[in-house]
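Take a look at the structure set out below.
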Amino acid sequence: MKTHVTVWGENRHEQLEPRVAEIYPDGMHNAIRRGIEGWLGDSATVATATLDDPEHGLTEEVLANTDVLIWWGHAAHAEVADEVVERVHRHVLSGMGLVVLHSGHWSKIFTKLMGTTCTLRWRSDNDRELVWTVNPTHPIARGIPHPIEIPAQEMYGEQFDIPTPDELIFISSFSGGEVFRSGCTFRRGNGKIFYFSPGDQDYPVYHHPDVLHVIANGAEWAAGDRSRRELPILLRYETGDFFNGHGYRGALHNKENAE
5 MKTHVTVWGE NRHEQLEPRV AEIYPDGMHN AIRRGIEGWL GDSATVATAT
55 LDDPEHGLTE EVLANTDVLI WWGHAAHAEV ADEVVERVHR HVLSGMGLVV
105 LHSGHWSKIF TKLMGTTCTL RWRSDNDREL VWTVNPTHPI ARGIPHPIEI
155 PAQEMYGEQF DIPTPDELIF ISSFSGGEVF RSGCTFRRGN GKIFYFSPGD
205 QDYPVYHHPD VLHVIANGAE WAAGDRSRRE LPILLRYETG DFFNGHGYRG
255 ALHNKENAE
């Protein structure tokens with residue numbers, strides 16, 4: 005079965021800022037889509053959705069048929085409907101993969117999954133970024149040069165207020181001497197999450213083949229099995245019965261039933 009990827013893009017800078025529209029004439033989401041298609045080829049199908057689509061393009065049907073969701077947001081985090089965030093959150097906990105890019109660190113869905121502020125230090129000043137691989141055996145690092153050189157980029161630096169990652173794959177360094185944990189993985193419920201920071205709207209980072217290769221590798225790694233998607237649930241088991249759990253709705257509910 006092909007991996008189905010949905011690339012979600014806010015698509016606001018591209019509509020409002022001529023410089024960004026010049027770099028990404030059909031949106032960052034489409035640049036990312038083409039990159040994933042180029043690297044994964046026939047093993048994946050890639051669709052896009054944007055903030056201004058009905059239900060932000062992330063309906064129950066779309067998410068149920070998505071193996072991994074790619075998320076880019078920046079200027080309009082607050083405009084993402086809470087009910088859509090809850091829906092995405094449920095699907096991630098059930099096993100859908102999530103790849104969060106750049107300013108998505110401050111998205112509602114990422115902060116909800118991390119449980120921290122996800123703040124960082126930054127400077128948008130045409131910095132050079134070097135992305136160093138610190139875990140070369142990880143599948144996301146497969147085929148990635150060490151380092152990736154990005155000639156023009158926004159600086160992201162520590163402290164990055166996230167939980168300790170399950171795996172640290174990339175660390176970036178910048179012109180001003182700052183460093184940043186730029187490629188991290190997490191597991192929440194049955195889902196896998198990859199955060200990758202390179203990619204500001206003011207620079208052509210999503211035309212960089214190595215950056216797109218990392219995103220494609222991240223999509224492959226994070227993709228869940230749609231046929232096995234389910235939330236972790238609390239069940240009660242009889243002694244010696246390892247397979248047949250019984251529903252449990254809480255101590256007070258069970259006490260009422262017993263009486």
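Heads up, the sequence shown stops at 263 in the numbering used here, and the numbers go up one at a time, no gaps.
Don't be surprised by glycine CBs; every beta carbon is placed ideally from N, CA and C.
_On a Cα-Cα basis, can you pick out the residue from P202, D129 and H150 that is closest to S179?_
S179 has its Cα closest to that of D129, out of P202, D129 and H150.
*asked:* Quick check for students: name the residue ranges of the alpha helix (DSSP H) that lie wholly in the region 28-107, counting only runs of 4 or more.
replied: Fully enclosed alpha helix (DSSP H) runs of no fewer than 4 residues occupy 32-44, 64-68 and 86-98 of the region 28-107, in order along the chain.
*Counting along the chain, where does the beta strand (DSSP E) carrying D214 start and finish?*
That residue, D214, is in no beta strand (DSSP E); its alpha helix (DSSP H) goes P213 to A226.
_Under 8 Å: do the region 180-193 and the region 93-108 share three or more Cβ pairs, one atom per stretch?_
Yes, the region 180-193 touches the region 93-108.
*Straight-line gap, R146 to L172 (C-alpha atoms, nearest Å)*: R146 and L172 have their C-alpha atoms spaced approximately 14 Å apart.
*Would you say the region 69-89 touches the region 103-112, given that touching needs at least three Cβ pairs under 8 Å?*
With the cut-off at 8 Å, the region 69-89 and the region 103-112 touch.
*Neighbour-count burial assignment, P202, 16 or more Cβ in a 10 Å radius*: Classification of P202: buried, given that the 10 Å Cβ count is 16 or more.
_Let me check one thing: in DSSP terms, what residues is W126 bridge-paired to?_
DSSP links W126 through a beta bridge to Y160.
*So, is H78 buried or exposed, given that buried needs 16 or more other C-beta atoms within 10 angstroms?*
With 16 or more other Cβ atoms from the protein chains shown falling within 10 Å of its own Cβ, H78 counts as buried.
_Closest Cα partner of N34 within the set G61, E21 and T52_ = With distances taken between Cα atoms, N34 lies closest to T52.
*asked:* Just to check my reading of the structure: V72 and T115 have Cβ atoms closer than 8 Å, yes? What is that Cβ distance to the nearest angstrom?
replied: A Cβ-Cβ separation of about 20 Å leaves V72 out of contact with T115 under the 8 Å criterion.
*List the whole-angstrom C-beta distance separating I154 from R132, where the pair is believed to meet the contact cut-off of C-beta under 8 Å.*
Right, their Cβ atoms sit about 7 Å apart.
*Should R37 be labelled buried (16 or more other beta-carbon atoms within 10 Å of its own) or exposed?*
By the neighbour-count rule (16 or more Cβ atoms within 10 Å), R37 is buried.
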